[in-house]
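J.: Following our numbering, the numbering of the sequence shown begins with 1232 at its first residue and continues without gaps. Heads up, the beta-carbon is just placed ideally off N, CA and C, and yes, glycines get one too.
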Amino acid sequence: MKIRRLGQAVLTLLLAGALWGCALPEQEPEQPRLLMGVSQIGSESAWRIGNTRDIEEQAAVYDVSLMMENANQKQENQIAAIRRFIAYKVDVIAFSPIVEEGWDNVLQEAKDAGIPVILVDRDIRTEKKDLTTCLIGADFYREGVMAAEYLIRKADALGLEQVNIVEITGTENSTPMRQRQAGFYDTIAGDPRMTVLESIDGDFLKSRGAECMRQLLDTYGDSIDVAFSHNDEMTLGALPEIEKAGLVPGSDIIIISIDGGQEAIDVLKEGKINCVVECTPKLGKALMETALKLKAGEEVETLIHPEEQVFSDEMDTSTIGPRGY
Ligand code: GYE
1232 MKIRRLGQAV LTLLLAGALW GCALPEQEPE QPRLLMGVSQ IGSESAWRIG
1282 NTRDIEEQAA VYDVSLMMEN ANQKQENQIA AIRRFIAYKV DVIAFSPIVE
1332 EGWDNVLQEA KDAGIPVILV DRDIRTEKKD LTTCLIGADF YREGVMAAEY
1382 LIRKADALGL EQVNIVEITG TENSTPMRQR QAGFYDTIAG DPRMTVLESI
1432 DGDFLKSRGA ECMRQLLDTY GDSIDVAFSH NDEMTLGALP EIEKAGLVPG
1482 SDIIIISIDG GQEAIDVLKE GKINCVVECT PKLGKALMET ALKLKAGEEV
1532 ETLIHPEEQV FSDEMDTSTI GPRGY
């Protein structure tokens, strides 16, 4: 008897539970683990587009909710975006500063609001301390060194006695422009064969790469031995200009590029580019992991450089796999 009553009681409880369950209001959707504001520079290159895509993909993998804003190559748009992120009280701000100077005020505002800032890809210059937590980006100085080391090997292989270089640089005052140039110049400085005829600002844009190359060809004609371009887009803009001038890129002029996007690698395989130093845009995974650590109050590495390599006519280029950007 007792046992039957107990059974009935359990059944009643179960039924009540089930009914209660049905009557429950819909559960709130789970909160994302973290809300991140990202100020991206723009869409100037395959590198940049690949970087944006990678950040979005990795955010989905790590269940991070993104507010992603494209600044269309304008510093003031980046500053406005960071201010919106602060007003929105995001957990973490990540941004890729178009140039190195001019961020002190807005970053102080983020600091005062208690929001950690992660630098992605490029660095800032400031007198103030602790405005940002860390930098996740390539070692641009090393990229410049690798480009110059390739050139020295190439000059040796061809037995060149004099090497006239033209340089098309990335955006003035940006970290990759400054450091790629410094690494390249420091490395060729010890080689008396090397002369930089001229360096012009191509702003990392394909159209500017073409303009710069036209101008350089007008001035120096076929005395140019090498074109060192700070990114693939400018290189791809410059190549047709060299051909229009009746010269063959890859043999009449040694072409050195940086990034390693698919299009440039295809042209390297065709022999019109001699060397491409890799700069990977795949920084999303390290970014998400760092942001989650910051939210959890854990220590983070202050500098994360991805591994990079050199692709060139010194290797069997048919072994280079798909690049993904
Ligand atoms: O090389 C270029 C892009 O900051 C590393 O910016 C990045 C550079 C990259 O537009 O293609």
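1) I1489: buried (16+ other C-beta within 10 angstroms of its C-beta) or exposed?
2) Rounded to the nearest angstrom, what separates M1298 and E1501 at their Cα positions?
3) Would you check if the region 1383-1393 and the region 1438-1445 touch, i.e. whether three or more CB-CB distances between them fall below 8 angstroms?
4) Given L1534, which residues of its chain have a CB within under 6 angstroms of its CB, disregarding the five upstream and five downstream residues?
5) Mind checking whether L1350 and A1522 have CB atoms under 8 angstroms apart?
6) Assuming contact is defined by CB atoms lying nearer than 8 angstroms, are T1400 and D1354 in contact in what I supplied?
7) Would you check if there are 3 or more beta carbon pairs closer than 8 angstroms linking the region 1370-1378 to the region 1504-1516?
8) What would DSSP say about I1473, mapped onto helix, strand or coil?
9) By a C-beta neighbour count over all protein chains shown, 10 Å radius and 16 as the cutoff for buried, is S1454 buried or exposed?
10) Does the region 1328-1340 come close enough to the region 1308-1315 to have 3 or more Cβ pairs within less than 8 angstroms?
11) Judging by CA-CA distance, which residue of V1541, G1273, D1285, M1267 is the nearest neighbour of K1516?
12) For the alpha helix (DSSP H) holding G1440, just list the boundary residues, first then last.
13) Which residue from G1273, S1460, E1287 puts its Cα closest to that of S1327?
14) Report the partner residues of T1400 according to the DSSP bridge assignment.
15) Is D1354 helix, strand or coil when you go by DSSP?
16) By the DSSP assignment, the alpha helix (DSSP H) with N1462 in it spans what residues?
17) Please state whether DSSP places A1386 in a helix, a strand or coil.
18) For F1542 versus G1491, is the C-beta spacing smaller than 8 angstroms?
19) Put M1377 into one of helix, strand or coil per three-state DSSP.
20) Return the chain-ordered list of same chain residues with a C-beta closer than 7 angstroms to the C-beta of D1294, the five sequence neighbours on each side being excluded.
21) Would you list the residues sitting across from A1325 in a DSSP beta bridge?
T.: According to the structure data:
1) buried
2) 40 angstroms
3) no
4) L1366
5) no
6) no
7) yes
8) helix
9) That one is exposed.
10) yes
11) D1285
12) 1437-1451
13) Minimum Cα distance to S1327 is reached at G1273.
14) According to DSSP, T1400 bridges with D1432.
15) coil
16) Neither: N1462 is in no alpha helix (DSSP H) and is coded neither H nor E.
17) Three-state result, A1386: helix.
18) yes
19) helix
20) P1263, R1264.
21) The partner list for A1325 (beta bridge, DSSP) reads V1269, I1349.
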